[in-house]
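Visitor: Numbering-wise, the sequence shown is residues -15 to 98 according to the numbering used here. No residue lacks a Cβ here, since even glycine has one placed at the ideal position from N, Cα and C.
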Amino acid sequence: RDDVKDIVSLQDIDKGWRRLSLFAFFFQPAALDVVPVPECIFQARSSIGMRGQFGWFDLYPFEWNTKRADKAFESLAKPKFFVAPILQELILNRAPQLVLNFVNDVCREFNFVR
């Protein structure tokens, strides 16, 4: 849902799956806008029918920026190999030559063409 008052439809379920995919496969903070705490609490208190059903009491501390989220999902859905940006930024850039050596070893072992 985009709002705690929204009735969940099949289209919303698909949209939710796309958004969860972005979180599961790569962290995409640009697709989110942070909701101020008072507004978050107000929205949760005005939620209809779903309060507490999923364990987060309808607190949505962020909103999806639909345009940015759709663009991010489309790049994720392309059939290509990718490395999650969070891994690139926090792990792999610490020893780039070591990572390249490992990739070359894997490519030779499994006949991949880089």
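1) Could you check which residue in Arg3, Asp89, Arg2 and Leu43 has the C-alpha nearest to that of Phe21?
2) Would Val17 pass as a contact of Glu58 if the rule is Cβ separation under 8 angstroms?
3) Which whole-angstrom value describes the C-beta separation of Arg52 and Ala79, a residue pair presumed to lie in contact below a C-beta threshold of 8 angstroms?
4) Sort Pro45, Phe86 and Asn77 by Cα distance to Glu23 and report the nearest one.
5) Who are Phe46's beta bridge partners in DSSP?
6) How far does the alpha helix (DSSP H) with Pro69 in it reach, from first residue to last?
7) Taking the alpha-carbon positions, what's the Asn77 to Asn88 distance?
8) Could you compute how far the alpha carbon of Gly0 sits from the alpha carbon of Glu93?
9) What is the DSSP secondary structure of Ala56, reduced to helix, strand or coil?
10) State the start and end residues of the unbroken alpha helix (DSSP H) segment that holds Leu63.
11) Taking buried to mean at least 16 other C-beta atoms within 10 Å of its own C-beta, is Ala56 buried or exposed?
Guide: Short version:
1) As a first step, residue 21 must be located in the sequence shown, where it is residue number 37. Contrary to the premise, residue 21 reads as Val rather than Phe in this sequence. Closest by alpha carbon: Leu43.
2) On the sequence shown, residue 17 is found 33 positions in, with the first residue counted as 1. On the sequence shown, residue 58 is found 74 positions in, with the first residue counted as 1. Note that residue 17 corresponds to Asp in the displayed sequence, not to Val. Contact flag unset, no.
3) The residue you call residue 52 lines up with position 68 of the sequence shown. The residue you call residue 79 lines up with position 95 of the sequence shown. That belief does not hold up - the Cβ atoms of Arg52 and Ala79 are roughly 31 angstroms apart, past 8 angstroms.
4) Locating residue 23 in the sequence shown gives position 39, where the first residue counts as 1. For the residues Pro45, Phe86 and Asn77, the minimum Cα distance to Glu23 belongs to Pro45.
5) On the sequence shown, position 62 is the one that residue 46 refers to. Answer is Val18.
6) By one-based count along the sequence shown, residue 69 stands at place 85. Per DSSP, Pro69 belongs to the alpha helix (DSSP H) from Pro69 to Leu74.
7) Walking along the sequence shown from the start, residue 77 turns up at place 93. Walking along the sequence shown from the start, residue 88 turns up at place 104. About 16 angstroms.
8) As a working mapping, residue 0 is identified with position 16 in the sequence shown. As a working mapping, residue 93 is identified with position 109 in the sequence shown. Straight-line Cα distance between these residues: approximately 38 angstroms.
9) One-based indexing of the sequence shown puts residue 56 at position 72. The answer is helix: DSSP assigns Ala56 an H, G or I state.
10) By 1-based counting over the sequence shown, the position of residue 63 is 79. In the sequence under discussion, the amino acid at residue 63 is Pro, which differs from the Leu named in the question. Neither: Pro63 is in no alpha helix (DSSP H) and is coded neither H nor E.
11) Locating residue 56 in the sequence shown gives position 72, where the first residue counts as 1. It counts as buried.
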